[in-house]
Every structure is written in C-alpha cells, then in structure tokens.
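Notes to accompany the following structure.
Structure below.
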C-alpha cells in the first residue's frame, strides 16, 4: 500500500531549504539595498503571498523575488509553487526566480558517483 | 509606527534586556546602538546579551561590510517604518524572528526558550500597546493612523501598495493569505 508523504525529506528538506535561502540572501544583500526573508507581496487589495527572499532598491521598491522549492521529475516547479509564482508574476509584473531544491540532492549524488 | 512611537519601543527593548545592533557593520567589532532610530533606514537586530559572543559574521565583499548572519545567529529583526517626508509616505516596517537557526552542522536548531519568550512578549506588547489598529493586512499605531487621516500621509505596505482607502472603509473583506 503506497502512502503519499507530503514531506519526504522531513527535517533534512528543511535544512537544505534554509541553507539555500542563506546562500541566496547573502548574495542579494551584497547587491541590493534591502533583502527580506518571507517578504510580503501584495497580490491584490485583499490578498498577499510571501516570497522566500525578496529584494528592494533604495526607494523601497520591490525588484527581485526568489523562491526555493521542490520540483517535478522534469525539473519544473511543483504545481503549488508554479501557481504561486504565476500569481505573483501576473499581479506584480516581476518574474519570480525559482531555485530548485532537488538540484542540491542530484548534484551531491552525481559527485558521489563520479568519485 | 511614527518616529515618536519608536521611543516607546526602545524603552521596551531595554526592559527585555535586549541589545541593538545593525544588520551589517564595517568590521566584526560589535557596536551597540542606543535606539532603533539610529541609522534609521538600516535593519536592526535585537540580540540577547548572552548571545553576543556567538554572533556569526559573513563577509559582503562588494559592499565591503560584514553581515550578522541571521540564519545562524539568534536575532529578532526590526525594519523601521520609514517616513518619507519629501513625498509624505510612511513605509511599512516589520518585526520578525525565526524559531530555528542553522548550526555549525548545517542543521536547524531551535533558538533559546528565553529569546522566544522575549520575542513573544515584545510582539504581544506591540499589538496591545503600540500598533493597535489593524488595517487591511497591516498594523498601525494610532499616531500613524491620525497622520494619514489628518495630513493625508500615504501608508505603503512592504510591496508598495497603498492602504489608505482601508482607513475610510475598514470593513473591507480581507482574504486569507496563502
């Protein structure tokens, strides 16, 4: 009997997510005026979402949005992530930069195989 | 919050035994601030005195500064509400903290119970005493609300949306965030 496990990596997935967020945050902080974790993004007058990492310029204008998340086998963001990204891009006209969490695992496995 | 609300916040921070640092510094030599209003536009971190010996610094080579890595240091982050006097705009601020940080093993570990309690107490105090008005999905101090109504100050959220119309119509339905 198969079971759909929503969080297959458990705590490890969270650790990888945080490590990737840290790396992105640091790079953006060195480039932009202000960078936030879980930055609030207004979608409409009554709805908002959160971007994993968002960057602002000196005039407090939102200029970059980064999202870290899981992917399908073909490397595309899972449906939940895709829907959120499309909604943000449509309402704010800012492309969401997606960072695939699974890429870290594949890269690590590839390196192990080569060694 | 308006700038005058900040003085009350400083007092509460001191009562909680927290110290104030800027997010980035020119060197790794720690320089405490007396108020969150100092270097106003810079993000501040509130840290427990006992944690100041465990600050994790990372280098920002382009800015030639050091960043107190908030993924690895237990902090409460404060972004001040910035009042743009030239354009009469009050930008939303934020107080934020994470309950877990990364350790040297690159695994998540909970922050101390003591810091969690101080953070929770600060949040409760803010909501009860200072930023008591909920407008759309933001919180305002009465002073900020009065400023907006009397002087037509525009209130902008973190993503530059104006929420002034909600002051006139506070019963607008707000959809839950996702």
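Chains as they are written, first to last, in our numbering: chain A, 66 to 180; chain B, -6 to 171. Beta carbons are placed, not taken as given, at the ideal position from N, Cα and C, and that holds for glycine.
Exercise for the section: List the residues of chain A that residue 30/B touches, going by C-beta distances under 8 angstroms, in chain order. Expected result: In chain order: nothing, as chain A lies at least about 17 angstroms away.
Exercise for the section: Determine whether the Cβ of residue 118/B lies closer than 7 angstroms to any Cβ atom of chain A. Expected result: no
Practice task
Excluding the 5 residues preceding and the 5 following residue 154/A in the sequence, name in chain order all residues of the same chain whose CB lies nearer than 7 angstroms to its CB.
Solution key: 160, 161
Handout entry: Simplified DSSP assignment, three categories, for residue 33/B
Key = coil
Problem - As assigned by DSSP and simplified to three states, the class of residue 129/A - result: strand
Practice task
Report all residues from its chain with a CB closer than 7 angstroms to the CB of residue 86/A; omit the five preceding and five following residues, and keep chain order.
Solution key: 102, 117, 118, 133
Practice task
Measure the alpha-carbon distance for residue 42/B versus residue 157/A and round it to whole angstroms.
Solution key: 41 angstroms
Exercise for the section: Examine chain B for any beta-carbon lying closer than 7 angstroms to the beta-carbon of residue 94/A, and answer yes or no. Expected result: yes
Practice task
Report buried or exposed for residue 146/B, applying the criterion of at least 16 other Cβ atoms within 10 angstroms of its Cβ.
Solution key: buried
Problem - Minimum Cβ-Cβ distance from residue 84/A to chain B less than 7 angstroms - result: Using a Cβ-Cβ cut-off of 7 angstroms, residue 84/A counts as an interface residue toward chain B, since at least one Cβ of chain B sits closer than that to its own.
Exercise for the section: Mind reading off the beta-carbon distance from residue 69/B to residue 0/B? Whole number of angstroms is fine, and I expect it under 8 angstroms. Expected result: With a Cβ gap of about 18 angstroms, residue 69/B and residue 0/B do not count as contacting.
Exercise for the section: State buried or exposed for residue 107/B, treating a residue as buried only when at least 16 other CB atoms are found within 10 Å of its CB. Expected result: Exposed is the call here.
Practice task
Put residue 42/B into one of helix, strand or coil per three-state DSSP.
Solution key: DSSP places residue 42/B in the helix class (H, G or I) of the three-state scheme.
Exercise for the section: Take residue 96/A and list the residues in its own chain whose beta-carbon comes closer than 8 angstroms to its own, dropping the five residues that flank it on each side. Expected result: 120
Practice task
To the nearest angstrom, report how far apart residue 166/A and residue 56/B are at their CA atoms.
Solution key: Roughly 28 angstroms separates the two Cα atoms.
Handout entry: Burial state of residue 173/B, where buried means 16 or more other Cβ atoms lie within 10 Å
Key = Residue numbering for chain B in the displayed model covers -6 to 171; residue 173/B lies beyond these limits and cannot be assessed.
Exercise for the section: State the DSSP-derived secondary structure class of residue 100/A, mapped to helix, strand or coil. Expected result: strand
Handout entry: Nearest-angstrom beta carbon gap, residue 59/B and residue 15/B [assumed within contact, 8 angstroms]
Key = At roughly 10 angstroms, the Cβ-Cβ gap does not stay under 8 angstroms, so residue 15/B and residue 59/B are not in contact.
Handout entry: In DSSP terms, what residue 101/B is bridged to
Key = 95/B
Problem - For residue 117/A, the three-state DSSP class (helix, strand or coil) - result: strand
Practice task
Taking C-beta pairs closer than 8 angstroms, name the residues in chain B that residue 87/A reaches, listed in chain order.
Solution key: 62, 64, 65, 95
Practice task
Using a Cβ-Cβ cut-off of 7 angstroms, state whether residue 91/A counts as contacting chain B.
Solution key: Interface residue, yes.
Problem - Distance CB(residue 73/B)-CB(residue 33/B) smaller than 7 angstroms - result: yes
Problem - Local conformation of residue 110/B per DSSP, three classes - result: Secondary structure of residue 110/B (DSSP, three-state): helix.
Exercise for the section: Check residue 147/B in the structure and name its three-state DSSP category. Expected result: It is a strand residue.
Practice task
Just the C-alpha distance for residue 158/B and residue 113/A, rounded to the nearest angstrom, thanks.
Solution key: 17 angstroms
Problem - Contact with chain A by residue 81/B, beta-carbon distance below 7 angstroms - result: no
Exercise for the section: Establish whether the CB of residue 125/A and some CB of chain B are separated by less than 7 angstroms. Expected result: yes
Handout entry: Where residue 50/B sits in the DSSP three-state scheme
Key = strand
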